[in-house]
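Counting from 33, one number per residue, gives the positions in the sequence shown under my numbering. I have placed the structure first, in the form of structure tokens, so that the comments after it can refer back to it.
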Amino acid sequence: MNNQLYKLTLWAALIAALIIPLGSAWAQDQPQDSEVVMNIGEMVVTDNNARWDLPGSVDVIGTDVIDDYNAEKALDLLRLVPGVTIMNYNFGGVPNGFTMRGWYLPHGKGALATVDGIPFNNYIENGDGSIDINQIIVDDIEQVVAVKGPIDKRYGNWARAGSIHFTTRKRGDFLKAKISGGDCNTYKGYASYGGELLEGKFNQIYSGEYYHTDGYRDNSAYTRKNAYGKWFYRPGESSELGLVLHTFDSQWGSPGYISKAVWEYDPKADNTKNDGGHKTFNEAQVHYNWDITADLPLEVKAWISHDDYSRFWTVPIGAQAQQEYHYEQTIMGTLANLGYEMDLGAAGAAHLDFGGELRHYKTIDERYNTTYRTRTGMVHDDEYEFENLGFYAKANYNPIECLRLFGGLRYDTFNGTLEQKMDDVTRDLHDYNIWTWSAGAIYTFLENYRLYANYGTTFQLPVADAAYNEDAPDASMLRSWEVGFMANPWTWLSLRYAYFQSTNEDEITQLPTGYYAYEGETFRQGHEIELRLTPFERFEFFTALTLQDATYEAGTNKDKDIRFIPDYIFTAGVKYTFPTETSINVWYRKVGDWYVTPANDYSAEGFDVVDLRISQKLWNNWKLAFDVNNLFDEQYSEFVLPLANTTYYAGNDGTRFLVTLSYEY
Numbered sequence: 033m034n035n036q037l038y039k040l041t042l043w044a045a046l047i048a049a050l051i052i053p054l055g056s057a058w059a060q061d062q063p064q065d066s067e068v069v070m071n072i073g074e075m076v077v078t079d080n081n082a083r084w085d086l087p088g089s090v091d092v093i094g095t096d097v098i099d100d101y102n103a104e105k106a107l108d109l110l111r112l113v114p115g116v117t118i119m120n121y122n123f124g125g126v127p128n129g130f131t132m133r134g135w136y137l138p139h140g141k142g143a144l145a146t147v148d149g150i151p152f153n154n155y156i157e158n159g160d161g162s163i164d165i166n167q168i169i170v171d172d173i174e175q176v177v178a179v180k181g182p183i184d185k186r187y188g189n190w191a192r193a194g195s196i197h198f199t200t201r202k203r204g205d206f207l208k209a210k211i212s213g214g215d216c217n218t219y220k221g222y223a224s225y226g227g228e229l230l231e232g233k234f235n236q237i238y239s240g241e242y243y244h245t246d247g248y249r250d251n252s253a254y255t256r257k258n259a260y261g262k263w264f265y266r267p268g269e270s271s272e273l274g275l276v277l278h279t280f281d282s283q284w285g286s287p288g289y290i291s292k293a294v295w296e297y298d299p300k301a302d303n304t305k306n307d308g309g310h311k312t313f314n315e316a317q318v319h320y321n322w323d324i325t326a327d328l329p330l331e332v333k334a335w336i337s338h339d340d341y342s343r344f345w346t347v348p349i350g351a352q353a354q355q356e357y358h359y360e361q362t363i364m365g366t367l368a369n370l371g372y373e374m375d376l377g378a379a380g381a382a383h384l385d386f387g388g389e390l391r392h393y394k395t396i397d398e399r400y401n402t403t404y405r406t407r408t409g410m411v412h413d414d415e416y417e418f419e420n421l422g423f424y425a426k427a428n429y430n431p432i433e434c435l436r437l438f439g440g441l442r443y444d445t446f447n448g449t450l451e452q453k454m455d456d457v458t459r460d461l462h463d464y465n466i467w468t469w470s471a472g473a474i475y476t477f478l479e480n481y482r483l484y485a486n487y488g489t490t491f492q493l494p495v496a497d498a499a500y501n502e503d504a505p506d507a508s509m510l511r512s513w514e515v516g517f518m519a520n521p522w523t524w525l526s527l528r529y530a531y532f533q534s535t536n537e538d539e540i541t542q543l544p545t546g547y548y549a550y551e552g553e554t555f556r557q558g559h560e561i562e563l564r565l566t567p568f569e570r571f572e573f574f575t576a577l578t579l580q581d582a583t584y585e586a587g588t589n590k591d592k593d594i595r596f597i598p599d600y601i602f603t604a605g606v607k608y609t610f611p612t613e614t615s616i617n618v619w620y621r622k623v624g625d626w627y628v629t630p631a632n633d634y635s636a637e638g639f640d641v642v643d644l645r646i647s648q649k650l651w652n653n654w655k656l657a658f659d660v661n662n663l664f665d666e667q668y669s670e671f672v673l674p675l676a677n678t679t680y681y682a683g684n685d686g687t688r689f690l691v692t693l694s695y696e697y
């Protein structure tokens, strides 16, 4: 551990040592439940909370924290998750990457994402398994759940780093509205109405959003329009049928990547004046829940979505020719889960889950040479049909009151075809049939102290057209394990520590050229410490430190650090509300250095950023908020691209201001 990390660890320990005795004056002993979930803010209680009963590190970002955080896009909320840092490409509506558990996830591929239980990963679009949640309305989100590591066997493909789950508002009598304005010609309007009818048997929700900013850098304007309709009908206490419709449209410009010299001299500079893109997205979802008996709940979901998406990108070297990456994708899917609660009397209690899912993707993948966004010639024309069928069984069992055992088993099979139209070639997907499993335990002692451990396997398929080659390689298998400790000695204090480790048989990485390489075996490990304090009613404090190490264990880059993985990630947040209902929120993030190439010949500097919010409750359910992002005007870049033996910077915003007037009833 370097000197800076040592100081950070001491600083976090010192704060805990000072605040814990102070809080004890207000504390009341109260038993806690046996879960090891860490809540950051208020957790929304739903019928499905049992799904987060897992023997591993699970973080929940609550609705109050989301409301108090100035997130432009839904993915920005992951900056609040311990051990996660965003890789911001500064490319408008293109999904950003992020890191989690020692994995770099370009465009999010490598972590599974759901929105209200519907999987949200794409196939081929921005890469195999990318997560594009730019189109979710941030103000509709009630909570974000991050499950770290492949311990939840409800999910298979694309879940090697873990899973991220977004829950949006689906019930209630309410009216919410917001209007925001700030520098860089930024403004947003949002409204959402919910109504309960027929004595609670029927509810409806309508939400709409319009957002625009000219952006901090030149040519970084971004505009989106969003609308949801949600209808749920409950003919009786044991069943519910729901329909969700969603439409989205966005356009954006992109300043592109600039050299380090240009970035240091003028961080607002752009590389081109006409890069950017546009996307439309439409979806329909059907939800059905039926408690067959009190101990036998059934959950079924079905969905269809379609998007039309183009991004225009100029490589910032050589002739700097622009290309258009154009995708059209239709996704159809269905999933079902049957739960079963078992009371075994003197032998304890158990909960079983049996389920499966079917996802079908049809993706048109085209590429064009362009000039000022005008097509001058096609260079790539592929069409993919890809299907994933998976089944799972998972269980937890309490043989005695203080011990909970977990197990999960999953089977995935894949089918698909690739039609390369320019070459008039059609190929079938290689035969992939994969079993994975997980197991773990939570042991509770001294009432409010818990030890937990898990071990699991998962996989990584060959990427894109490599999986359709006649000599396609087998899937790469991953092994992951974790041990941890959680303490809730008082209601006002939660502390969690975890050590994690994973090994990948044959790492698949994407090169800057767009091609892929097999790096051989890789190894990841890390320590994660989280502390949450709420010593009295108007004060909240949270801090987390993740130390991580990720290395190549074979091949030409043996013993080198895996690219884009920072040495450490440190976050801290504090909120205090005065008796006058004036609230002050401060969030601090510090990220260590990282390498940007597998050979470790180029690196990027870490950074630290402070965000501030001051809000005041007004009359009749109104609130006024003032946000300052990057309070101290740190010049930093969350993403650095290696090209042609040098580095190019995406650049992050300097100090940004936003004023928001909101109403809630």
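Just so it is clear, CB atoms sit at the ideal spot from N, CA and C, and this is done for glycine as well.
- Within the model, the alpha-carbon separation for residue 357 versus residue 400 is close to 7 Å.
- Taken in chain order, the complete beta strand (DSSP E) segments of 3 residues or longer contained in the stretch 645-683 are 654-661, 672-675 and 678-681.
- One thing to note: residue 138 has its Cβ within 8 Å of the Cβ of residue 159.
- Cβ-Cβ distances below 6 Å link residue 659 to 102, 645 and 690 in the same chain, with the five nearest sequence neighbours on each side left out; the list follows chain order.
- C-alpha of residue 569 to C-alpha of residue 656: approximately 21 Å in a straight line.
- Using a Cβ distance threshold of 8 Å, residue 540 and residue 508 count as a contacting pair.
- The stretch 559-579 makes contact with the stretch 520-529, as at least three CB pairs between them are under 8 Å.
- Judged by DSSP secondary structure, residue 419 falls within the beta strand (DSSP E) whose first and last residues are 406-432.
- For residue 292, the enclosing alpha helix (DSSP H) covers residues 292-297.
- For the pair residue 266 and residue 372, the Cα-to-Cα distance works out to about 22 Å.
- DSSP links residue 453 through a beta bridge to no other residue.
- Approximately 6 Å separates the beta-carbon atoms of residue 345 and residue 307; this is inside 8 Å, confirming the contact.
- In the three-state reduction of the DSSP assignment, residue 95 falls in the helix class, which pools H, G and I.
- One alpha carbon belongs to residue 210, the other to residue 585, and they sit about 51 Å apart.
- Burial state of residue 611 is exposed, judged by a 10 Å Cβ sphere holding fewer than 16 other Cβ atoms.
- Checking the DSSP bridge columns, you'll see residue 101 has no partner listed.
- Looking at the DSSP output, residue 509 sits in a beta bridge with 491.
- When C-beta atoms of the stretch 95-114 are compared with those of the stretch 668-680, fewer than three pairs fall below 8 Å, so the two segments do not count as touching.
- In the structure shown, residue 161 falls within a coil segment according to DSSP collapsed to helix, strand and coil.
- Closest option to residue 486, judged by alpha-carbon separation, among 363, 72, 90 and 494: 90.
- Under the three-state reduction of DSSP, residue 598 is assigned to coil, being neither helix nor strand.
- Counting C-beta atoms within 10 angstroms of its own C-beta, residue 202 has 16 or more neighbours from the protein chains shown and is therefore classed as buried.
- Of the candidates 178, 240 and 226, 178 places its Cα closest to the Cα of residue 145.
- Taking a cut-off of 8 Å for Cβ pairs, the stretch 243-250 and the stretch 223-232 do not touch, as fewer than three such pairs fall below it.
- Under DSSP, the beta-bridge partners assigned to residue 319 are 274 and 333.
- Straight-line spacing of the CA atoms in residue 488 and residue 194 works out to 11 Å.
- Annotated three-state conformation of residue 170 is helix, per DSSP.
- Residue burial annotation: residue 123 is buried, with at least 16 other C-beta atoms found within 10 angstroms of its C-beta.
- For residue 200, the closest C-alpha among the options 95, 229, 71 and 604 is that of 95.
- The Cβ atoms of residue 206 and residue 168 do not sit closer than 8 Å to each other.
- For the pair residue 120 and residue 661, the CB atoms are not nearer than the 8 Å cut-off.
- Take residue 593, set aside five residues on each side of it, and the residues of its chain with a beta-carbon closer than 7 Å to its own are 582, 583, 627 and 632, in chain order.
- Assignment of residue 191 by DSSP, reduced to helix, strand and coil, places it in the coil class.
- The count of Cβ pairs closer than 8 Å, one atom from the stretch 400-409 and one from the stretch 360-369, stays below three, leaving the stretches out of contact.
- Ranking 564, 534 and 425 by CA distance to the CA of residue 521 puts 564 first.
- Residue 251 sits in coil when the DSSP states are folded into three classes, being neither helix nor strand.
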